[in-house]
Each structure stands twice: as C-alpha cells, then as structure tokens.
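Asks: Line by line, the protein sequences are chains Y and W.
Its first residue numbered 0, the first sequence is counted upward by one per residue in numbering that gives the first Met the number 0.
Its first residue numbered 0, the second sequence is counted upward by one per residue in numbering that gives the first Met the number 0.
Don't be surprised by glycine CBs; every beta carbon is placed ideally from N, CA and C.
Computed from a prediction, not measured in an experiment: that's the story for all the values here.
There are 2 protein chains.
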Amino acid sequence: MTNETDAAGAAPAEESPAPTPGLSRRGLLGLAAGVGAAGLALGAGAGATAGVAVGRSRAAHAAASVYPFFGAHQAGITTPVQDHLHFASFDMGARATREDLIELLQDWSYAAARMSQGLDVSATGAVGGSPEAPPDDTGEALGLAANGLTITIGFGPTLFQTEDGVDRYGIAAQRPPQLEKLPPFLGDDLDPLGSGGDLFVQACADDPQVAVHAVRNLSRIAFGRATLRWSQLGFGKTSKTTADQATPRNLFGFKDGTANILADDTAALDEHVWVGAGDEPAWMAGGSYLVARKIAMHIEVWDRVRLAEQERIIGRDKGQGAPLSGGVETTAPDFAASSAAAGPAATGATAIDAHSHVRLAHPDLNDGVRILRRGYNYVDGNTGLGRLDAGLFFLSYQRSPAQFVGLQKALSTDLMNEYLTHIGSGLWAVPPGAAAGSYVGAGLFV
Amino acid sequence: MTNETDAAGAAPAEESPAPTPGLSRRGLLGLAAGVGAAGLALGAGAGATAGVAVGRSRAAHAAASVYPFFGAHQAGITTPVQDHLHFASFDMGARATREDLIELLQDWSYAAARMSQGLDVSATGAVGGSPEAPPDDTGEALGLAANGLTITIGFGPTLFQTEDGVDRYGIAAQRPPQLEKLPPFLGDDLDPLGSGGDLFVQACADDPQVAVHAVRNLSRIAFGRATLRWSQLGFGKTSKTTADQATPRNLFGFKDGTANILADDTAALDEHVWVGAGDEPAWMAGGSYLVARKIAMHIEVWDRVRLAEQERIIGRDKGQGAPLSGGVETTAPDFAASSAAAGPAATGATAIDAHSHVRLAHPDLNDGVRILRRGYNYVDGNTGLGRLDAGLFFLSYQRSPAQFVGLQKALSTDLMNEYLTHIGSGLWAVPPGAAAGSYVGAGLFV
Numbered sequence: 000m001t002n003e004t005d006a007a008g009a010a011p012a013e014e015s016p017a018p019t020p021g022l023s024r025r026g027l028l029g030l031a032a033g034v035g036a037a038g039l040a041l042g043a044g045a046g047a048t049a050g051v052a053v054g055r056s057r058a059a060h061a062a063a064s065v066y067p068f069f070g071a072h073q074a075g076i077t078t079p080v081q082d083h084l085h086f087a088s089f090d091m092g093a094r095a096t097r098e099d100l101i102e103l104l105q106d107w108s109y110a111a112a113r114m115s116q117g118l119d120v121s122a123t124g125a126v127g128g129s130p131e132a133p134p135d136d137t138g139e140a141l142g143l144a145a146n147g148l149t150i151t152i153g154f155g156p157t158l159f160q161t162e163d164g165v166d167r168y169g170i171a172a173q174r175p176p177q178l179e180k181l182p183p184f185l186g187d188d189l190d191p192l193g194s195g196g197d198l199f200v201q202a203c204a205d206d207p208q209v210a211v212h213a214v215r216n217l218s219r220i221a222f223g224r225a226t227l228r229w230s231q232l233g234f235g236k237t238s239k240t241t242a243d244q245a246t247p248r249n250l251f252g253f254k255d256g257t258a259n260i261l262a263d264d265t266a267a268l269d270e271h272v273w274v275g276a277g278d279e280p281a282w283m284a285g286g287s288y289l290v291a292r293k294i295a296m297h298i299e300v301w302d303r304v305r306l307a308e309q310e311r312i313i314g315r316d317k318g319q320g321a322p323l324s325g326g327v328e329t330t331a332p333d334f335a336a337s338s339a340a341a342g343p344a345a346t347g348a349t350a351i352d353a354h355s356h357v358r359l360a361h362p363d364l365n366d367g368v369r370i371l372r373r374g375y376n377y378v379d380g381n382t383g384l385g386r387l388d389a390g391l392f393f394l395s396y397q398r399s400p401a402q403f404v405g406l407q408k409a410l411s412t413d414l415m416n417e418y419l420t421h422i423g424s425g426l427w428a429v430p431p432g433a434a435a436g437s438y439v440g441a442g443l444f445v
Numbered sequence: 000m001t002n003e004t005d006a007a008g009a010a011p012a013e014e015s016p017a018p019t020p021g022l023s024r025r026g027l028l029g030l031a032a033g034v035g036a037a038g039l040a041l042g043a044g045a046g047a048t049a050g051v052a053v054g055r056s057r058a059a060h061a062a063a064s065v066y067p068f069f070g071a072h073q074a075g076i077t078t079p080v081q082d083h084l085h086f087a088s089f090d091m092g093a094r095a096t097r098e099d100l101i102e103l104l105q106d107w108s109y110a111a112a113r114m115s116q117g118l119d120v121s122a123t124g125a126v127g128g129s130p131e132a133p134p135d136d137t138g139e140a141l142g143l144a145a146n147g148l149t150i151t152i153g154f155g156p157t158l159f160q161t162e163d164g165v166d167r168y169g170i171a172a173q174r175p176p177q178l179e180k181l182p183p184f185l186g187d188d189l190d191p192l193g194s195g196g197d198l199f200v201q202a203c204a205d206d207p208q209v210a211v212h213a214v215r216n217l218s219r220i221a222f223g224r225a226t227l228r229w230s231q232l233g234f235g236k237t238s239k240t241t242a243d244q245a246t247p248r249n250l251f252g253f254k255d256g257t258a259n260i261l262a263d264d265t266a267a268l269d270e271h272v273w274v275g276a277g278d279e280p281a282w283m284a285g286g287s288y289l290v291a292r293k294i295a296m297h298i299e300v301w302d303r304v305r306l307a308e309q310e311r312i313i314g315r316d317k318g319q320g321a322p323l324s325g326g327v328e329t330t331a332p333d334f335a336a337s338s339a340a341a342g343p344a345a346t347g348a349t350a351i352d353a354h355s356h357v358r359l360a361h362p363d364l365n366d367g368v369r370i371l372r373r374g375y376n377y378v379d380g381n382t383g384l385g386r387l388d389a390g391l392f393f394l395s396y397q398r399s400p401a402q403f404v405g406l407q408k409a410l411s412t413d414l415m416n417e418y419l420t421h422i423g424s425g426l427w428a429v430p431p432g433a434a435a436g437s438y439v440g441a442g443l444f445v
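1. R369 (chain Y) by DSSP, collapsed to three states: which one?
2. DSSP on A389 (chain W), reduced to helix/strand/coil?
3. Going by C-alpha to C-alpha distance, which of Y:V378, Y:N376, Y:A434, Y:D136 sits closest to M114 (chain Y)?
4. In the DSSP assignment, what are the bridge partners of T349 (chain Y)?
5. Does the count of Cβ pairs from the region 188-195 of chain W and the region 404-411 of chain W closer than 8 angstroms reach three?
6. Please return the same chain residues whose Cβ sits closer than 6 angstroms to the Cβ of D205 (chain Y), not counting the five positions on each side in sequence.
7. Excluding the 5 residues preceding and the 5 following I294 (chain Y) in the sequence, name in chain order all residues of the same chain whose CB lies nearer than 8 angstroms to its CB.
8. By alpha-carbon positions, which one of Y:A262, Y:T246, Y:P280 ends up nearest to I272 (chain Y)?
9. Quick one: list the residues of chain Y neighbouring K317 (chain W), beta-carbon separation under 7 angstroms, in chain order.
10. By how many angstroms is the C-alpha of A202 (chain W) removed from the C-alpha of V211 (chain W)?
11. Excluding sequence positions up to five away, which residues of its chain have a Cβ less than 7 angstroms from the Cβ of A62 (chain Y)?
12. As a quick exercise: from W:T77, W:V65, W:G153, W:F89, pick the residue whose alpha carbon is nearest that of Q116 (chain W).
13. Using Cβ-Cβ distances below 7 angstroms, what residues of the region 81-102 of chain Y are close to chain W?
14. Of all the options W:L250, W:A266, W:S238, which has the alpha carbon lying nearest to the alpha carbon of N259 (chain W)?
15. According to DSSP, is D106 (chain W) helix, strand or coil?
16. Hey, quick one: how far does the alpha helix (DSSP H) through G405 (chain W) stretch, first residue to last?
17. Look at the Cβ atom of T151 (chain W), then the Cβ atom of L268 (chain W), and state whether they are nearer than 8 angstroms.
18. Roughly how many angstroms lie between the CA atoms of P332 (chain Y) and A348 (chain Y), to the nearest whole one?
19. Which one or two residues does DSSP pair with R248 (chain W) in a beta bridge?
20. T483 (chain W) bridges to which residues according to DSSP?
21. Distance, Cα to Cα, D106 (chain W) vs G21 (chain W)?
22. Going by DSSP, what residue range makes up the beta strand (DSSP E) through D190 (chain W)?
23. Would you report the Cα separation of A110 (chain Y) and G275 (chain Y), rounded to the nearest angstrom?
24. How about the region 126-143 of chain W and the region 244-256 of chain Y: do they share at least three Cβ pairs that are nearer than 8 angstroms?
25. Quick check: V368 (chain Y) and Q402 (chain Y), are their CB atoms within less than 8 angstroms of each other?
26. Considering I298 (chain Y), what are the terminal residues of the alpha helix (DSSP H) in which it resides?
27. Compare the Cα-Cα distances from G374 (chain Y) to each of Y:G75, Y:L406, Y:D163, Y:A95 and report the closest residue.
28. Just by C-beta distance, which residues in the region 290-310 of chain Y are closer than 9 angstroms to chain W?
29. Name, going along the chain, the residues of the region 374-401 of chain W whose beta-carbon falls closer than 8 angstroms to a beta-carbon of chain Y.
30. Closer than 7 angstroms by C-beta to G70 (chain Y): which residues in its own chain qualify, once you throw out the five before and the five after it? Chain order, please.
31. Taking only the alpha-carbon atoms, compute the straight-line gap between R292 (chain W) and N381 (chain Y) and give it to the nearest angstrom.
32. Within 8 angstroms of any Cβ in chain Y, is that where the Cβ of R372 (chain W) sits?
33. Throw me the rounded Cβ distance for the T246 (chain W) and G256 (chain W) pair, which I believe falls under 8 angstroms.
34. Which residue marks the beginning of the alpha helix (DSSP H) containing A266 (chain W), and which one marks its end?
35. Within 10 angstroms of its Cβ, does G127 (chain Y) collect 16 or more other Cβ (buried), or is it exposed?
36. Output needed for L306 (chain Y): all residues of its chain with C-beta closer than 7 angstroms, excluding positions within five of it in sequence on either side, in chain order.
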C-alpha cells in the first residue's frame, strides 16, 4: 500500500472501490455530532491543511494480510480465521427510516472497505482533515497494517418486524422465512441484553487493536441511526478454515474444530454454508446465516474432572485430539469400535461414549448436516466468587438456521452440558458480498 | 526446547531450575480439590501411563521468545513489552498461615518458571498424569510456545497488616514504610472490588491464550490459600521498553510512552525503577513498586473533540507524536517556545499548553522524577448506553510509590482529566527476582 496523502496535502488517490464518493452527510454528521457546524467543515477536509497528515499505510507491516471487502461472498466467513474478534450487535434507532438504514449500510460498506485495506475510515482520516473539526477516524490504528481485518455485516429477525402494523423499512415481505428467533434449548440461561439485535458487525483481525478500531468507528458512524446493543471480544480462535492452520484449543484444553468445513472445500460450502440460487428469498443467494452463542464454561469445575472422564465426555484424547476409537486427530471416529481396543482412557461399551460431544455433533448422526464454525475463546474478567468469567463465543455460518437448530437439539444429551451454560444468543441473515461500487445488503432494497 | 515426555512414558528430564522438587502437597491438592483421594494418585503421576502424553514444546514455534523467570530482577518489568496482558489480584484466605503463604509463593514460582519456558505447570502436566486424576495443567496452551510469557508477583499493603493485633504472617515488621494504600486523587471513582489485593500476578505474553493459561493455572494452584479478587485483560500495549519497539497508540489515538525508561538505560533504571541496596527494607533491594490504575476513557466524547483541541490537550501532534513545539516524536519538548512558531494546530501563549498532559507529566516539571510505564488498552464490552467500556489499564514500576503519587498530583490540572475517570487502583511491593532454586519473596521470610 502506498501513502495516502502526499506531503503537499493534495487530494488523495482513491485506492479502494467504494459504494459512494465517501461517507454520507449523515455519516459525517455522526462523526462530528456535538460540535455544531463542524460537519460542513469536514466536507472540505480533503484539501485542508495536511501538515500533520500521515497515512495508516506508511508504517504498515509489509507482511500483513489484506482481504478484499467486495466479492461474491462477504469476507470473514471462509477467510483463514484471524487471531482476534470484536463482535457487535446494533439496534436501529426508534426514529430511523428506510433511507437511514440504506445510508447506514452504504456508509458502513464504504468505511469497512477502506479499513480492510489498512486505511482510515475516510480519505481525511485521523489527521488529514481540518484541525477545527473532529477527525473522521479515531486514530488508534494509525501505523498499524490491515492485519487481515475482515468486517462481516448482517440482519436480525427484528429488522424485518412490523411495529403496530407499520413496515418501518419496507422489507417485511423480504424476510427469509427461516429468520426467526432461535427456539429455546436445554441449558439456556440467556441474557436478553446480550442477545439478538437488528444488525451485527463481526470484525476479525490478527491485531486486537485493529478489530476494536473497526467496531468503534462503525459504531461512531452509526450515530443517530443505530446504537450498540452488546459486544464481545474474543481471542484464541477455536476453529480453522484452512488445512494449514493448526487446530486450536478451547478453554477445556481440547482441540476444537478438527472437522470444520474448510475454505477450499467448495462442494461442502455450497451444500452447507452458502444460500443457493434456488433458495428463498432470492436476495440471500450467496449469503449465509450466522448463529452466535455465548457459552459460559465452568472451567474450575471441569479442571477437577479426571482426565479419562474429560476424554470420555469429548470423545477424543486430550493430547493429540484423536478419536477414542483410535488413530490420529484426522482419523474418522468409529462409533462402533469397542472400548477394549482403545486403551485405558476409554470407558463404556464403545470406545466413544454414546453421549460424547464428538458423536452427538457428528454429521453421521445428524443426517449429514454440517456447519462452518468460527468461534473464539473469551475471558471477561472474573465473577464475584473468584472464578474466571470465561467460555466460548460460538459463531457458526450455515445455509439455513435449521442446521444449527437440529444440531443443538441433538446435543441435548451431550455429557459436556454439565459444564456449560448458554448465556447469549443471536441469529442473523448474512447477505452476499457487495459488488465493488455497491454495498452490503443492496439486494434487499431493489 | 525439547519434547518433555518420551513416547515410552519415561520420567521427564527436568529442564527448569525449580525452587522445590515440584508443587507442594497443598498445591497438588489445590489442583485435585473436589475429587477425594486423587491428590495422592497424582504423586505417582510421573511414571503413570503416558500413551496420550504430548509436550507443550513439541509443536512450539521456533521463533517464539523465552525469558528466564529467575534472575536479579523479576521478569516482566524491563522485558520488551509483550502484546497481551492478564493481570490478577488475589486475597489470602481467612485461615491462611505464614506457612501457607510461603508454600504458595514456592508453588507459584515453580509453576511460573516452567510456564515461562513454554512448559506445563508440572512434569505430568495436562496429559502425562494418571487418567484417573484431574490433570495438573488445564491444557489450553498445549502446542503453544512460551510466546515471551513473563510472570511477575508482588505484595499489597494488606498482606502486612495485623488483624486484631495478630501478625498473621509474621511479616508486619518487614512492611516497606512507603507501602500503604495510595491517597485519593482528583477524578477517582474507585471500585473497591476492583482495587487492591494481598498479592498480584502480572502475566504478559504475545499470545493472549498463554497469558490467560498462566493466570488460570496460578489461580488454581492457589486453591485453599488465596482467591482471585479481580482481574483484567489488556491488549495493544501503551508503552515500550526497548528503542526498537514502535511507540504504540492509546485509545485516544495518540502515541503513548514516547519518553518511557528503556530497558538498556541502566542508570535510569537504577535511579528510578529498582529499589537500591541502601533503601529500606533490605529485602526489597533489586525490587520495585507497582502501581496499577484502571482508567476509563470517555472515548465517544473525546472523538467529538476538534483535532487541534485534542493536540492541545496532549501537547503532541496526533500523526507523528511530535511535541507541539516542533520537531519529530523524539525531539525534547520546548515548553517556552511560542505558539507562533508551531503552526496552526497550536493555541495559547506557548506552543505547548501549560496544562497539557506532556508538560504536566514531564520530568522537568517534576523534580526529574520518572517512572517505567507498562500499561495496556482494554475494552470490557460496552455500557448499557451503547458506549464501549474502554480505557487504559495503567501499570507503572518505580523505586518508590512517592514517584507516582507526586506525578499524579501534578496531573490534577491536566486538560485530559475531563475525558478520564480512575475506576481501579492498586499498589504492590515487587520483590527482586528469585535465584534459581529459590522463590519470589524468599527474602521476606528469612
């Protein structure tokens, strides 16, 4: 990437295909809110004094990954899973209109496309605007490269609801039939304030400051149109989407996501992840559905369980992640193999317990259903009892929410449930990727 | 590092100098608590079935940094600042004795020395023990290298207090005279449950899962002797300790820690950071004092401040971090320079405002006092008002708490205070490093 603003302060060369010439006037007013007429001053920012201007790209790390924002599918689904997550759920403002929603999606797409390239949210950015106006960009990612940042955006069931018979955004008829609040599951103890939301933004990057910067700036751009409802930071990805990524471990100490759908398995993605051209509604073709579940893990209790019992519950050995029926991590589990053949760690009639996690979640026992997992570990400090407030922020992408619902019901007798509580939940429709010059969700507003 | 346990399950070769032959019986019971007699089974764990054993080091990343735990000073003070922090404050249990405290420090030192080398907390670790016992190590760092992990340990004022006239740990007379709760400062709104603590553990690493693993396992080992009081995760280090580290940015978007004391500046460290051989008490020689301050930053308000005003408040330009008196980031600020010479971003009679942060915190205005900063940015989700719950987890090491107290008082007229609230606070004595074969704090118990 090259420097964005030259030393003489000339107008920057636009490197990113963008859906609009820049942020909407509302978007700019969001950035400038509270300073009176400063929003107007910003309009002239590109040519203003740039003595202190510095492109984020100037100090960029050459090796950092950059993923395109525009494309057939949104980034951040099959993208090699990055190290850090900042996930945010938003609600539209009580007076927001259809035009506000469209403009917000345009502004978000514009800013997201820029940030995905390691640029500030606008051409004037953190330091290139007028000194008499608040900067467009908050600046904490100045000097940091893109770090593989992806920003993924989608729509919750509530966005399509009519209120008192009024179809606020004129999209009620476009609601995907399957996009409705997830049913209750055994073990749910959901916090309503940490569940749901009209819109989600998933920011993933290999530097947490880059992910936080993205959510912070998109939240700021949303000012007056949508408000942050809840958010979650995550680290230590718990799944992989490419074969060369090592299988990471969850906070139970076990490898997680061994059998995930990989980014190069086009057939499996088409069957299990991407909404097909023949699926309803048509505007979702090439999109997906995202399920988020915040799952508190009772790690102090788990840590006191015998190793053999931990392995029985998971159905895999803790060291290598091999199924208890034998072999190595990538060996297919043999649910019929007897315990006798499987070494001292196994118990019960079969080497793999009938209620182990690996068996109940396996496609063979779920009509071949698979999902693409993309979750992260989280630690939110500690409880008043001196226990870490920790767990799994589960994220999965699937062609239909029914895939997750079926699997989660199959897990109702999972031995692992004793050590888990689901405390947050959400379901969103994830539209296909935006074409260069368009915006995420454009197909919903034709 | 070599593989720790060979395939035949032979007893591992000890690679780490350790203060004791292993965890104390109490430490092992802490790990096994709740499973009856399993603690005894663990004693024989080293020779038990190791069919599933895997050393953490086997998959270790060759390039990862390893810092020694033992030495004249504790690691994690002048160590090049790692990317991630998990900080934890502990309180001793109501019935804990002097022997418990000593044993805990021995166990912590043993486990910390091992983890700093990328090893599990004990020789049997996560998967090398008996399958009929809970593993010694929780396992989520299996396969991860040391990632530069440092573990730093220290003592709060409350550890030295007598209760009802009883000197519980027999150390009241050894209390450093300056080790008392910090005085109240302007802008304090401290949460008592997120402040103070008998003991602290600072775990820093370049992988957050490694830092979390360290705190989790030390917390587990403390079972029955000390309990987690509060904890904090941090990312995006806000200072550097070596000249080749780029100056990072805080969540106000400004470079932070430009003038920090660097690890190779031995004279400055001896003057400002390390307790001297002639200082009182003698057991602290080679140690330091740690101040922690959780500082909430009102970032949404800050983001609406004009760029020129932001720069006036900080006293530096936002792009390069140069003082407003001119030059580049490393140029010494000239507090007498007039505004006229400094370009359009400056206001007031002098280029650097008299109440700017850089001026009030500068050694020239504080009798030459300096501190070693080692803080991190934090984001703890969001508030109910849809604002990010974010700020700076400030950490500073100094030869005497008086250095911090003086500086913080000098900042009482800091223009930046309008955008900050101090919500957590702590002060701890940080003993010198342990000699190989000894433990942190041994000098306190002679």
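Replies: Per the coordinate set shown:
1. Translated into the one-based positions of the first sequence, residue 369 (chain Y) becomes position 370. The answer is coil: DSSP assigns R369 (chain Y) none of H, G, I, E or B.
2. On the second sequence, position 390 is the one that residue 389 (chain W) refers to. Of the three classes helix, strand and coil, the one that applies to A389 (chain W) here is strand, per DSSP.
3. Looking up residue 114 (chain Y) in the first sequence gives position 115. Taking only the C-alpha atoms, the option nearest M114 (chain Y) is Y:D136.
4. The count along the first sequence starts at 1 and reaches residue 349 (chain Y) at position 350. According to DSSP, T349 (chain Y) shares a beta bridge with Y:S337.
5. Here the region 188-195 of chain W does not lie against the region 404-411 of chain W, with fewer than 3 beta-carbon pairs under 8 angstroms apart.
6. Position 206 of the first sequence, counted from the first residue, corresponds to residue 205 (chain Y). Closer than 6 angstroms at Cβ, skipping near neighbours: Q81, D82, N146, G147.
7. Reading the first sequence from its first residue, position 295 is the one you call residue 294 (chain Y). The beta carbon of I294 (chain Y) lies closer than 8 angstroms to those of G390, L391, F392, F393, L419, T420, H421, I422 in the same chain, with the five residues before and after it left out.
8. As a first step, residue 272 (chain Y) is located in the first sequence; it is residue number 273 there, counting from the start. It should be noted that the sequence gives Val, not Ile, for residue 272 (chain Y). When only C-alpha atoms are compared, the closest one is Y:A262.
9. For this step, residue 317 (chain W) is matched to residue 318 along the second sequence. Residues of chain Y with a Cβ closer than 7 angstroms to the Cβ of K317 (chain W) are, in chain order, V51, A125, V126, G138.
10. Taking the first residue of the second sequence as position 1, residue 211 (chain W) is located at position 212. Taking the first residue of the second sequence as position 1, residue 202 (chain W) is located at position 203. If I take the Cα positions, the gap works out to 8 angstroms.
11. For this step, residue 62 (chain Y) is matched to residue 63 along the first sequence. Residue confidence for A62 (chain Y) is low, a pLDDT of 39 falling below 50, so the modelled location carries little weight; the figure read from the coordinates is stated next. So no residue of the chain qualifies.
12. What you label residue 116 (chain W) is simply residue 117 of the second sequence in a count that begins at 1. Checked all of W:T77, W:V65, W:G153, W:F89; the closest Cα to Q116 (chain W) is W:V65.
13. Within the region 81-102 of chain Y, not one residue has a Cβ closer than 7 angstroms to any Cβ of chain W.
14. Here residue 259 (chain W) refers to the residue found at position 260 when the second sequence is read from its first residue. When only C-alpha atoms are compared, the closest one is W:S238.
15. Here residue 106 (chain W) refers to the residue found at position 107 when the second sequence is read from its first residue. Here D106 (chain W) sits in helix by DSSP.
16. Position 406 of the second sequence, counted from the start, is the residue given in the question as residue 405 (chain W). From DSSP, the alpha helix (DSSP H) with G405 (chain W) extends over 400-409.
17. Taking the second sequence and counting its residues from 1, the one referred to as residue 151 (chain W) is at position 152. Taking the second sequence and counting its residues from 1, the one referred to as residue 268 (chain W) is at position 269. Cβ atoms of T151 (chain W) and L268 (chain W): not closer than 8 angstroms.
18. Residue numbering aside, residue 332 (chain Y) sits at position 333 when the first sequence is read from its first letter. Residue numbering aside, residue 348 (chain Y) sits at position 349 when the first sequence is read from its first letter. One C-alpha to the other measures close to 15 angstroms.
19. Walking along the second sequence from the start, residue 248 (chain W) turns up at place 249. W:K254.
20. As shown, chain W starts at 0 and ends at 445. That puts residue 483 (chain W) outside it, with no answer to give.
21. Along the second sequence, read from residue 1 onward, the residue named residue 106 (chain W) stands at position 107. Along the second sequence, read from residue 1 onward, the residue named residue 21 (chain W) stands at position 22. Using only the alpha carbons, I get a separation of about 8 angstroms.
22. Locating residue 190 (chain W) in the second sequence gives position 191, where the first residue counts as 1. Neither: D190 (chain W) is in no beta strand (DSSP E) and is coded neither H nor E.
23. Counted from its first residue, the first sequence places residue 110 (chain Y) at position 111. Counted from its first residue, the first sequence places residue 275 (chain Y) at position 276. For the pair A110 (chain Y) and G275 (chain Y), the Cα-to-Cα distance works out to about 28 angstroms.
24. Of all C-beta pairs linking the region 126-143 of chain W to the region 244-256 of chain Y, three or more are shorter than 8 angstroms, placing the two stretches in contact.
25. Stepping through the first sequence from its first residue, residue 368 (chain Y) is reached at position 369. Stepping through the first sequence from its first residue, residue 402 (chain Y) is reached at position 403. Here V368 (chain Y) is near Q402 (chain Y), since their CB atoms are less than 8 angstroms apart.
26. Within the first sequence, residue 298 (chain Y) is the residue found at index 299, counting from 1. Annotation for I298 (chain Y): the continuous alpha helix (DSSP H) segment containing it runs 298-301.
27. The residue you call residue 374 (chain Y) lines up with position 375 of the first sequence. In terms of CA proximity to G374 (chain Y), Y:G75 leads the group Y:G75, Y:L406, Y:D163, Y:A95.
28. Within the region 290-310 of chain Y, the qualifying residues are I298, E299, V300, W301, D302, R303, V304, R305, L306, A307, E308, Q309, E310.
29. Within the region 374-401 of chain W, the residues whose Cβ lies closer than 8 angstroms to some Cβ of chain Y are N376, V378, D379, G380, N381, G383, G385, R386, L387, A389, listed in chain order.
30. Start at 1 with the first residue of the first sequence, and residue 70 (chain Y) comes out as number 71. Cβ within range, chain order: G432.
31. Here residue 292 (chain W) refers to the residue found at position 293 when the second sequence is read from its first residue. Here residue 381 (chain Y) refers to the residue found at position 382 when the first sequence is read from its first residue. Roughly 18 angstroms separates the two Cα atoms.
32. Mapped onto the second sequence, residue 372 (chain W) falls at position 373. At least 8 angstroms separates the CB of R372 (chain W) from every CB of chain Y.
33. Here residue 246 (chain W) refers to the residue found at position 247 when the second sequence is read from its first residue. Here residue 256 (chain W) refers to the residue found at position 257 when the second sequence is read from its first residue. Indeed, because the Cβ distance is near 6 angstroms, the residues count as touching under 8 angstroms.
34. Locating residue 266 (chain W) in the second sequence gives position 267, counting from the first residue. Unbroken alpha helix (DSSP H) run through A266 (chain W): 265-271.
35. Here the question's residue 127 (chain Y) lines up with position 128 in the first sequence. Counting C-beta atoms within 10 angstroms of its own C-beta, G127 (chain Y) has 16 or more neighbours from the protein chains shown and is therefore classed as buried.
36. What you label residue 306 (chain Y) is simply residue 307 of the first sequence in a count that begins at 1. Only K317 meet the Cβ criterion.
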